[in-house]
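Some notes on the structure that comes next.
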Amino acid sequence: MERKGQTNKSRGYMLFTGAMILCCIGLYLAQGISWPGRAPAEPTPSPTPSPCPYPAESAFLENACAFGMDALLFPLEGTLPAQAIYRLERPDLEDATLTLSFRSGGVCAFLLEMPFAPDPGPAPQNPTPIEGDLYEMRLAQMELEQRWRKDAVPALCAALDITGGTTAVDINGFYALLEETAMDGDARDSRGGGMDVSCYVIQTGDDAALCVGAQLN
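Heads up: the sequence shown is residues -1 to 215, going by my numbering.
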């Protein structure tokens, strides 16, 4: 009787162990089965921070001046939403205007408007003293404007593109485009390194402005 009881007890353990093994196998297989009408649960993606691709206004202005734009900036009142306008006080030159456009909390575009000092052309032959002086003044004004924008325009473009996608070759090409417009007054457009640039002249009465605008695309 004792041996028979031990045998029954051993059989009970074996049955219990077998049942546990079958249960574990069933749970394992159930995890890989797609039941009809029930899609497998997908893991919830964790949000990843996306840095703003545009520079903050203060950083843009600081970098533009650090990169070579020689001017004191004074904000103007009464601007449109998502826009800021600055008066640029330039040494030995008339004031220029810088307009900024914003997107996603940063500067996405700028428009620089400068008084247009056209090329006075060749020197007059046998000029009077007054004619000679006027020619020299116009020539000096043109050269001053040219030297200023040669530093300012590349500085603004570099300050706008914080990702570094626009190369020095692209930026130099934008400046060369502006100089071509300054020579003949024709509008020109270009694109390079994720930046679109437009150069043109605006005539308002007797006054004209040489303009260059850049926008990240």
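Heads up, the beta-carbon is just placed ideally off N, CA and C, and yes, glycines get one too.
Between the alpha carbons of residue i and residue j, how many angstroms are there, rounded?
i, j, result
"P89", "A69", "7 Å"
"E141", "L86", "18 Å"
"D182", "Q144", "14 Å"
"A174", "A138", "20 Å"
"Y133", "Y198", "25 Å"
"T77", "A150", "23 Å"
"Q201", "V105", "27 Å"
"E60", "Y52", "14 Å"
"L74", "G130", "39 Å"
"D93", "G171", "25 Å"
"P122", "I128", "11 Å"
"S44", "R101", "Confidence in S44 is poor, its pLDDT being 44 and thus under 50, which makes the residue's placement too unreliable to answer from."
"L208", "P125", "29 Å"
"D187", "V195", "6 Å"
"G203", "E111", "16 Å"
"D205", "M135", "17 Å"
"D184", "G119", "17 Å"
"D117", "P79", "37 Å"
Any idea if residue i is buried or exposed, counting beta-carbon neighbours within 10 angstroms, 16 or more meaning buried?
i, result
"F58", "buried"
"C21", "For C21, the predicted model reports a pLDDT of 47, less than 50, meaning its position is unreliable and no value from the coordinates is stated."
"C50", "exposed"
"F108", "buried"
"P169", "Before going further, note that residue 169 is Ile rather than Pro in the sequence given. I169 is buried by the Cβ-count criterion."
"V167", "exposed"
"L158", "buried"
"L71", "exposed"
Quick one, which of the options has its alpha-carbon nearest residue i's?
i, options, result
"A115", "S196, T179, P127, V195", "T179"
"A54", "E111, P73, L98, L71", "L98"
"P113", "A107, P125, F100, T95", "T95"
"C210", "G203, D204, E177", "The question names Cys, but residue 210 is Val in the sequence shown. Among G203, D204, E177, the Cα nearest to that of V210 is on E177."
"S56", "S196, D204, G103", "G103"
"R147", "D205, L91, P118", "L91"
Tell me whether the stretch 144 to 156 and the stretch 62 to 72 touch, counting them as touching only if at least three CB pairs, one residue from each stretch, are closer than 8 Å.
As far as the Cβ criterion goes, the stretch 144 to 156 touches the stretch 62 to 72, which means the pair count is three or higher.
Whole alpha helix (DSSP H) elements within the stretch 135 to 159, 4-residue minimum:
Within the stretch 135 to 159, no run of alpha helix (DSSP H) at least 4 residues long lies entirely inside it.
Could you tell me whether the stretch 76 to 85 touches the stretch 190 to 198, using the rule of 3 or more Cβ pairs below 8 Å?
Segments in contact, no.
With three or more C-beta pairs closer than 8 Å as the rule, is the stretch 201 to 214 touching the stretch 163 to 180?
With three or more CB-CB distances shorter than 8 Å, the stretch 163 to 180 counts as touching the stretch 201 to 214.
Could you give the uninterrupted runs of the beta strand (DSSP E) lying entirely in the stretch 172 to 197, keeping only those of 3 residues or more?
Those beta strand (DSSP E) runs which fall completely within the stretch 172 to 197 and span 3+ residues are 186 to 190.
What are the complete beta strand (DSSP E) segments, minimum 3 residues, inside the stretch 69 to 131?
Entirely contained in the stretch 69 to 131, the beta strand (DSSP E) runs reaching 3 residues are, in chain order, 70 to 73, 81 to 87, 94 to 101, 104 to 113.
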